[in-house]
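Reviewing the structure listed below.
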Amino acid sequence: MSGPTIRRARTADIRGIRRLVAPLAERRVLVAKDAVTYYEGVQEFRVAEDEDGTIVGCGALHVMWEDLAEIRTLAVATDHLGSGLGGQILEGLVDDARELGVQRLFCLTFETHFFTRHGFEPIEGQAVTADVYAELLRSYDEGVAEFLDLERVKPNTLGNTRMLRTL
Ligand SMILES: CC(=O)SCCNC(=O)CCNC(=O)[C@H](O)C(C)(C)COP(=O)(O)OP(=O)(O)OC[C@H]1O[C@@H](n2cnc3c(N)ncnc32)[C@H](O)[C@@H]1OP(=O)(O)O
1 MSGPTIRRAR TADIRGIRRL VAPLAERRVL VAKDAVTYYE GVQEFRVAED EDGTIVGCGA
61 LHVMWEDLAE IRTLAVATDH LGSGLGGQIL EGLVDDAREL GVQRLFCLTF ETHFFTRHGF
121 EPIEGQAVTA DVYAELLRSY DEGVAEFLDL ERVKPNTLGN TRMLRTL
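Here the sequence shown is numbered in UniProt numbering, starting from 1 and rising by one per residue.
If you want it as structure tokens, here you go:
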């Protein structure tokens with residue numbers, strides 16, 4: 001038994017990714033997004049595919065600035081939790097970040113123990129200079145709004161911890 005394979009996502013995986021994310025978005029653990037947003041962001045995703053072709057894990061890397069990207073939409077199917085899959089997907093995304101030249105990874109999460117084990121540390125306040133903050137305000141991306149901690153998205157991020165890993 002070789003277990004799930006981790007690979008870059010294809011458009012046909014989006015249905016499986018959405019099936020994984022839906023219950024977590026309902027519990028507000030992950031952000032709910034429209035289907036079009038997943039298709040537009042397919043190149044950001046890695047997935048874990050079971051032997052029978054089922055998508056049992058996913059995660060994405062969203063670049064925000066020259067030195068900064070966010071880990072987002074990391075999820076593992078309930079029946080695969082605790083077998084190392086989440087960690088493998090995350091480290092794959094870290095490799096992607098290194099390849100892109102990104103030096104810092106942000107995440108917003110309830111899973112502080114998991115991310116701490118992978119080198120993330122909680123941060124207070126902003127992780128970018130005032131100049132970069134002003135530039136990021138021009139983004140239409142909801143995740144960037146959460147990174148900036150804008151007032152209008154605070155209800156979505158309640159109880160989450162802001163964490164950063166330096167590569
Ligand atoms: C930035 C964001 O995307 S934030 C959102 C993060 N996602 C969520 O909150 C969604 C719900 N949660 C999940 O889907 C999962 O819990 C994840 C993605 C956070 C972690 O996925 P998992 O596959 O369970 O991770 P993994 O197995 O690598 O590690 C989980 C635990 O299992 C243990 N573990 C790791 N490898 C193994 C293994 N081979 N065998 C047994 N246990 C293991 C680890 O000790 C770890 O414990 P920790 O939580 O204390 O760190």
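Each residue gets a CB set at the ideal place from its N, CA and C atoms; glycine is no exception.
- A straight-line Cα-Cα distance of about 13 Å links E66 and E99.
- With respect to the 7 Å criterion, A9 and V31 are not classified as neighbours on the basis of their beta carbons.
- Beta-bridge partners assigned by DSSP to L108: R162.
- For T157, the shortest separation between its Cβ and any heavy atom of ligand 1 does not lie below 6 Å.
- Per DSSP, reduced to three states, the secondary structure at P155 is helical.
- In the assembly as shown, I123 is an exposed residue. Its beta-carbon has fewer than 16 other beta-carbons within 10 Å.
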